[in-house]
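Numbering (this note's numbering), first residue to last: 11 to 171.
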């Protein structure tokens, strides 16, 4: 299966530090079988998917081709995330906690990936980090933003898992 890794940062990334297909560890014992560059057309489409389908509705406005303006909405979003965590935790019991893809696994997924996406997020402004983050790390960063603050989209790559 394929998904994207989005580089999203608080400051615009310089050319030498844009995420590319060689930034992340790939292969055996990693999250990524392999990574590849995408076309400009696919980048535009991926940004539209990010804004309209992955990020919480109305939380950001896309300005230009790579700037996200924060509109607020984290308080309600956090309440919804906590409610989802509570709902999933109610399903965990002594009879299923050790099941391979059971209730405990579903709870872990909602904690680590509250946006429910296969996409990962590279939150570093340099290319020294060798992995992308699940959506909880992105949302922790978002929850610290003030209305009107901007995030910048750097590199976007495709990955196979």
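Just so you know, even glycine gets a beta-carbon here, dropped at the ideal spot from N, CA and C.
Keep in mind the model is a prediction, meaning the values are calculated, not measured.
Would the stretch 96-112 and the stretch 141-158 be scored as touching if the rule is three or more Cβ pairs under 8 Å?
no
Specify, as a first and last residue, the run of the beta strand (DSSP E) that residue 127 falls within.
The residue labelled residue 127 in the question sits at position 117 within the chain shown. Run containing residue 127: none; DSSP gives neither H nor E here.
Which residues in the same chain as residue 112 place their Cβ atom closer than 6 Å to its Cβ, once the five residues preceding and following it in sequence are excluded?
Taking the chain shown and counting its residues from 1, one reaches residue 112 at position 102. Answer for residue 112: 106, listed in chain order.
Residue from 169, 26, 154 with nearest C-alpha to residue 20:
As a working mapping, residue 20 is identified with position 10 in the chain shown. Among 169, 26, 154, the Cα nearest to that of residue 20 belongs to 154.
Which stretch, first to last residue, makes up the alpha helix (DSSP H) that contains residue 48?
By 1-based counting over the chain shown, the position of residue 48 is 38. Per DSSP, residue 48 belongs to no alpha helix (DSSP H) and is neither H nor E.
State whether the stretch 130-138 contacts the stretch 73-81, with contact taken as three or more CB pairs (one from each stretch) at a distance under 8 Å.
no
Straight-line CA distance for residue 116 to residue 12?
By 1-based counting over the chain shown, the position of residue 116 is 106. By 1-based counting over the chain shown, the position of residue 12 is 2. If you take the alpha carbons of residue 116 and residue 12, they lie about 21 Å apart.
Check whether the stretch 154-170 and the stretch 14-34 touch, using three or more Cβ-Cβ pairs below 8 Å as the test.
yes
For residue 29, does the three-state DSSP call read helix, strand or coil?
Here residue 29 refers to the residue found at position 19 of the chain shown. Coil at residue 29, not helix or strand.
Excluding five sequence neighbours on each side, which residues of the same chain lie with their C-beta closer than 7 Å to the C-beta of residue 88?
For the purposes of this step, residue 88 is identified with residue 78 of the chain shown, where counting begins at 1. Contacts found: 153.
State the DSSP-derived secondary structure class of residue 143, mapped to helix, strand or coil.
Counted from its first residue, the chain shown places residue 143 at position 133. Residue 143 falls in the strand class under three-state DSSP.
Considering Cα atoms alone, identify which of 56, 36, 50 is closest to residue 44.
To locate residue 44, count along the chain shown from 1; it is residue 34. Selected option, being the one with the closest Cα: 36.
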